[in-house]
Ligand code: ATP
Ligand code: MG
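Residue numbers (our numbering): 148 to 562.
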C-alpha cells in the first residue's frame with residue numbers, strides 16, 4: 148500500500164471526549180474513527196488488524212472442529228422471551244419494527260443458535276457439533292469509557308458446542324481452552340494472559356475468563372503464582388482460596404477480560420425443547436457450552452500492552468503491514484532514491500510481503516513520527532546515505548535496533 152494513496156492520515160488533535168488510551172492511540176495513528184461513545188468505525192489500517200485477529204481466531208476455531216456460520220443481528224422478541232432473557236438481559240438494545248413487533252439487536256446468540264442446531268440434530272449420531280460466528284454484537288453498556296475495550300457495538304467470536312453427555316462437554320471444554328491459549332500466543336499476549344476462575348451458574352461451579360494484565364484494565368484479578376491461574380473478584384469474595392492448591396496469598400492485578408468460556412448445560416436446550424435420541428431411542432436434553440472472544444477488545448488490549456510513548460508496537464501476526472518502507476529522498480539525487488525505493492517495494496510485494504510504502508512528499512521527521520505511531524514491526528529506510536553503501540537500513544520497532552543490509556539481501560533477510 149502506498150501511503151500517498153491512503154485516504155486516512157495520522158492526526159494530532161484528538162476529540163476531547165475520548166479518554167481511553169487504546170482509542171486515543173488508534174485514532175491518532177489513523178486506525179479508527181469515533182462516531183459516538185462506544186461506537187467506532189474501522190479505517191483501512193485498523194480493519195486490516197481486525198481482520199488478522201479474526202482470521203487467527205477463525206483458524207484456531209476451525210482446527211477444533213468449529214463450523215463457521217453467520218447468524219442475523221436482528222432478533223425476534225419471542226426467542227428471548229422463551230429463555231426469560233427479554234426482561235432480564237440488562238444491556239439488550241430493543242427496537243420496534245414497522246410490523247409493530249419488537250426485536251433485539253444481537254447481544255449474544257444462544258437464543259438463535261439453539262433452535263437452529265436443533266433442526267439438524269436428531270440423534271446421538273449427530274453429536275457433538277460446534278458452530279461459531281464472528282459478528283457484530285450490540286450491548287447498551289452503561290460505562291462506554293474504555294474505548295474498544297467496551298464498545299456498545301463490537302465484534303465477537305461466539306462458538307457454541309452441543310454434546311450428548313457432560314463428559315463429552317468437559318473434554319471439548321478443555322480442547323477449547325487450549326485453542327484459546329494458542330490464539331493468545333499468536334496475538335503476542337500469552338505471557339500476560341491468565342486462565343481465570345469466575346462464577347459458573349447452575350450447571351458448573353466455575354466458568355473461565357481469559358484475563359490479560361493491563362494497567363487500564365477494568366477488572367481486578369487475583370493471581371495464584373503457584374498454579375499460574377487467577378480468580379476474579381466475585382469468586383475471591385466468596386471463597387478466598389485458590390481452587391487449585393488452596394493457597395490464599397494472591398498477587399492482585401488489573402486486567403482485561405479478552406475471552407470467556409462457559410458450560411451452559413441445559414440452560415438453553417430445555418426452553419427450546421432440544422433433545423436427542425440415544426442408541427435405544429430414548430430422548431435426552433442436549434448439553435451445551437459457549438466460548439466467547441472479542442476481536443475488537445483484543446485489538447484494544449494489544450494496544451494497551453504493546454506501545455511506547457511514540458506509538459503502537461504491533462506483534463508480527465496482527466500488524467497492519469509487516470514492513471514499513473520509507474524513502475527519504477534528500478537533495479542531491481532524489482530521483483535515484485525514489486527509483487531504488489520503488490524497486491524494493493515492487494520486489495517485496497511481488498514476493499508476498501506486506502508493505503506500507505511511505506512514498507509521500509513530506510519531511511523525514513514526519514515520516515518517522517508517523518511510522519512510530521502506526522507501529523509496523525520492521526522499518527526499511529532508503530536514503531542517499533544508505534544507497535551510497537549499496538544498502539538499506541532495517542530497524543525493528545520493538546527495540547529500535549538498526550542494521551545496514553545490502554540491497555540484494557533485503558528479500559532474503561525479511562522472508
Ligand atoms: P464483560 O464482563 O467485560 O462485560 P461479558 O462477560 O459480558 O464481558 P461475554 O458475554 O462473555 O462478555 O462476551 C464474550 C467476549 O466478548 C468477552 O470476553 C469480550 O472479549 C467481548 N466483549 C464483551 N462485551 C464487550 C464490549 N462491550 N465491547 C467489546 N468486547 C466485548
Ligand atoms: Mg465477564
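All residues carry an ideal CB built from backbone N, CA and C; glycine is no exception. Source: prediction; values computed, not measured.
Spatial neighbours of residue 488 in its chain, beta-carbon cut-off 6 Å, leaving aside the 5 residues before and after: Correct list, in chain order: 474, 529.
Boundaries of the beta strand (DSSP E) in which residue 504 is found, first to last residue: 502-505
Cα-Cα separation, residue 222 to residue 470: Taking the straight line joining both Cα atoms gives about 42 Å.
Complete beta strand (DSSP E) runs within the stretch 257-327 (minimum length 3 residues, chain order): 276-285, 300-310
Option nearest residue 254 by Cα separation, candidates 378, 287, 229: 287
Any non-hydrogen atom of the ligand ATP closer than 7 Å to residue 465 Cβ: no
Own chain, CB closer than 7 Å to residue 261, minus 5 neighbours either side, in chain order: 415, 416, 419, 421
Nearest neighbour of residue 238, chosen from 196, 290, 245 [CA to CA]: 290
Anticipated Cβ contact below 8 Å, residue 176 with residue 460, distance rounded: With a Cβ gap of about 11 Å, residue 176 and residue 460 do not count as contacting.
Endpoints, the alpha helix (DSSP H) within which residue 155 is located: Run containing residue 155: none; DSSP gives neither H nor E here.
Whole-number beta carbon distance between residue 193 and residue 319, since they are thought to touch under 8 Å: Not quite, the Cβ-Cβ distance comes to about 33 Å (not below 8 Å), so this is no contact.
Span separating the alpha-carbon of residue 441 from that of residue 190: 18 Å
Buried versus exposed, by CB contacts within 10 Å (16 or more), residue 174: buried
Where the beta strand (DSSP E) containing residue 525 begins and where it ends: 525-530
Test item: CB-CB of residue 304 and residue 204 under 8 Å: Taking 8 Å as the Cβ cut-off, residue 304 and residue 204 qualify as a contacting pair.
contact_flag[the stretch 164-173, the stretch 292-301] where n(CB pairs < 8 Å) is 3 or more: The stretch 164-173 is in contact with the stretch 292-301.
Classification of residue 391 by the beta-carbon crowding that lies within 10 angstroms, buried from 16 upward: exposed
One or two residues paired with residue 407 in a DSSP bridge: In the DSSP secondary-structure assignment, residue 407 is bridged to 356, 439.
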